[in-house]
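Residue numbers (full-length UniProt numbering): 1 to 659.
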Ligand code: ATP
Ligand code: MG
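So, in structure tokens, the structure goes:
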């Protein structure tokens with residue numbers, strides 16, 4: 001505790017009412033949360049199970065768990081809830097499933113599953129764009145907290161009416177599958193808490209104190225969940241930075257910062273002004289850049305650190321050249337300056353940009369770890385295994401059944417499956433159960449029937465086995481006995497390819513090691529949620545990630561590649577008038593760096609075989625020139641110019657003070 005500065009300490013100790021810590025990057029907001037959790041447990045005697053800390057990603061939750069682990073002994077944190085809004089919602093629904101009209105073991109549909117459902121609702125031959133558009137509309141309605149009925153009432157145009165109808169039908173089908181989608185994980189708890197004051201009171205008793213990190217990126221339903229759980233007493237601490245709001249495109253609502261003050265007139269706001277992360281140059285660059293955005297809350301941010309080295313701006317020929325320079329520089333700093341591989345991060349705007357970097361790092365044998373967003377769960381082998389686990393956990397999950405029965409391929413064709421679906425519907429059974437009913441299978445050709453019953457028997461055996469086993473063990477058994485592993489081996493051209501894809505699957509089961517005894521029904525859901533996160537240890541390796549994924553993290557040395565008009569700021573964002581958000585993204589990127597920052601751009605890019613000219617990002621010209629070192633500039637000369645300017649500035653200030 002001794003390390004906290006006075007406003008930080010004040011924020012940690014303030015528990016008599018709702019609190020918002022509104023402060024810039026690297027000022028110790030996340031530190032306030034971890035210290036406050038320790039304080040509540042160790043000094044206030046609050047049971048860990050009564051505290052919920054909500055982070056923006058699973059990865060951040062994991063980091064926070066580690067930070068707390070260092071502060072308190074493991075037996076003192078038992079039961080502590082460190083989660084995301086989604087995993088909190090999942091926990092809520094696992095307890096309240098009956099009230100939400102769900103049966104135990106319900107499934108979570110990921111966005112692919114949802115898209116599959118929606119496709120069936122649209123006329124045959126509808127474009128993927130139409131599915132996406134519909135999914136977007138339904139998701140928007142859900143995030144605004146609207147039920148299908150409410151959406152129908154509000155629909156103004158024929159198009160909105162159609163969407164509301166599709167929404168209603170989509171919900172009916174989800175219910176038939178005993179499933180929810182990601183948005184429901186928040187919307188349903190909100191609806192249940194709003195409808196039932198007693199239930200809300202019970203939950204407020206269950207969770208006595210809430211802490212929310214990255215508050216600026218909550219959306220409307222998340223905000224409602226927070227206020228419903230916190231209740232009128234407002235037992236919460238939110239920390240955030242409006243300059244780091246970078247998810248408005250996904251429905252996050254920075255106005256929630258002001259809403260909090262309206263809903264809780266006794267809200268205490270504590271600013272933090274000292275940055276502990278960055279050198280002065282880096283901080284000055286960040287402050288100067290973000291000053292170009294309009295501001296509701298003006299924040300000061302200063303640092304006691306040294307000036308540090310100038311920020312380097314590289315002009316490269318193209319992305320390959322840029323990647324080579326990044327790799328060479330990393331290698332150089334690692335060898336000459338005692339940097340560890342994990343001290344480096346390479347940040348990019350779009351995932352496609354990682355390929356060139358990966359190639360260059362591979363060439364120099366530099367270990368790296370690419371944070372995948374949802375890419376991990378999109379891998380075929382992972383989805384196949386997940387489908388099996390979902391079938392085991394939830395016999396009603398027809399979508400999972402359809403995927404599992406085709407993985408690996410067996411003697412059951414689509415015509416058979418269509419026929420089975422019909423028989424199942426008539427019998428009022430889910431497909432996985434119908435497949436095990438001899439009386440129904442009699443109506444099918446012998447070969448098809450035997451293929452189905454074989455599958456059903458295997459599922460039944462695995463399910464029996466699962467009841468008494470640890471989740472990780474279930475995962476391993478399923479992988480073997482389903483034939484997935486053998487199929488994967490047969491599919492891969494070489495051993496290293498097989499090992500790589502196998503490692504993806506092992507990652508699933510190793511993650512499950514931590515989920516001991518959580519039962520099969522919770523398991524598949526946890527896995528689906530995990531798709532939003534990074535799994536596995538990054539270890540001693542250079543970090544590669546998108547700008548969005550870097551939020552909240554810090555590194556000694558940061559490279560931001562692709563600082564070009566159209567990339568950063570992104571073309572689509574500019575067209576949609578979201579330049580401010582792109583600038584905040586750049587602000588987030590710059591403030592990840594503790595000591596060294598390199599911003600690079602290319603002169604040209606190849607697109608569909610044609611060479612395009614690229615212009616450097618406008619954000620580069622918004623940075624203080626005296627803190628930058630451009631290609632070809634002499635560092636020694638640079639220092640002189642800098643000194644000159646500082647002297648001039650000091651003179652001006654002295655004159656102002658009348659000195
Ligand atoms: P961001 O806005 O990027 O999420 P943040 O405000 O959450 O940043 P933290 O990550 O909590 O900031 O802290 C930034 C760094 O400063 C961390 O390395 C943290 O350990 C350090 N730090 C925070 N407060 C103090 C302090 N009082 N004394 C020393 N170091 C501190
Ligand atoms: Mg933080």
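Heads up, the beta-carbon is just placed ideally off N, CA and C, and yes, glycines get one too.
The model shown is predicted, which means the values in this text are computed figures rather than measured ones.
- With contacts defined as CB atoms closer than 9 angstroms, residue 598 and residue 542 fail to qualify as a contacting pair.
- Burial check for residue 95: the Cβ neighbour count within 10 Å stays below 16, so the residue is exposed.
- In this chain, the beta strand (DSSP E) harbouring residue 345 covers 344-348.
- Taking the CA atoms as reference points, residue 253 sits about 5 angstroms from residue 219.
- Apart from sequence neighbours up to five positions away, the residues of its chain that approach residue 171 with a beta-carbon distance below 6 angstroms are 148, ordered along the chain.
- Rounded to the nearest whole angstrom, the CA to CA distance from residue 210 to residue 594 is 30 angstroms.
- In the assembly as shown, residue 652 is an exposed residue. Its beta-carbon has fewer than 16 other beta-carbons within 10 Å.
- Here residue 475 carries a helix assignment [DSSP, helix/strand/coil].
- Around the CB of residue 443, fewer than 16 other CB atoms lie within 10 Å, so the residue is classed as exposed.
- If you check the C-beta of residue 219 against the ligand ATP, you find no heavy atom less than 8 angstroms away.
- Placement of the Cβ of residue 293 at a distance of 8 angstroms or more from every heavy atom of the ligand ATP is found.
- Taken through DSSP and simplified to helix, strand or coil, residue 606 comes out as strand.
- Excluding residues up to 5 positions away in sequence, 341 and 541 lie with their Cβ nearer than 6 angstroms to the Cβ of residue 367 in the same chain.
- Within 10 angstroms of the beta-carbon of residue 567 lie 16 or more other beta-carbons, which makes it buried.
- Take residue 410, set aside five residues on each side of it, and the residues of its chain with a beta-carbon closer than 6 angstroms to its own are 451, in chain order.
- For residue 198, the Cβ stays outside the 8 angstroms cut-off from all heavy atoms of the ligand ATP.
- Judged by their CB atoms, residue 27 and residue 272 are nearer to each other than the 9 angstroms cut-off.
- Annotation: residue 468 to residue 360 spans about 48 angstroms, alpha carbon to alpha carbon.
- Secondary structure at residue 3: coil, using DSSP grouped into helix, strand and coil.
- Membership of residue 400 in the alpha helix (DSSP H) is indicated by the continuous run 398-405.
- Residue pairing by DSSP puts residue 302 in a beta bridge opposite 274.
- Around residue 130, the same chain offers 122 as residues with beta carbons nearer than 7 angstroms, after the five sequence neighbours per side are excluded.
- Rounded to whole angstroms, residue 383 and residue 408 show a C-alpha spacing of 12 angstroms.
- Remark: three or more beta-carbon pairs, one from each stretch, lie closer than 8 angstroms, so the segment 546-553 and the segment 344-355 are flagged as touching.
- If you look at residue 542, you'll find it isn't in any alpha helix (DSSP H); it sits in the beta strand (DSSP E) that goes 542-546.
- Relative to the Cα of residue 507, the nearest Cα in the group 316, 151 and 381 belongs to 381.
- Collapsing the DSSP output to three states places residue 315 in a strand.
- In this model, residue 33 and residue 438 are separated by some 58 angstroms (Cα to Cα).
- For the pair residue 458 and residue 55, the Cα-to-Cα distance works out to about 39 angstroms.
- Measuring C-alpha to C-alpha distances from residue 7 to each of 189, 29, 163 and 18 identifies 29 as the nearest.
- With contacts defined as CB atoms closer than 9 angstroms, residue 134 and residue 166 qualify as a contacting pair.
- Residue pairing by DSSP puts residue 616 in a beta bridge opposite 564.
- Residue state for residue 33 is assigned as helix, using DSSP reduced to three classes.
- In this structure, 138 is the residue among 138, 143, 145 and 144 with its C-alpha nearest to the C-alpha of residue 159.
- DSSP, read as helix, strand or coil, puts residue 68 in helix.
- For residue 214, the shortest separation between its Cβ and any heavy atom of the ligand MG lies below 8 angstroms.
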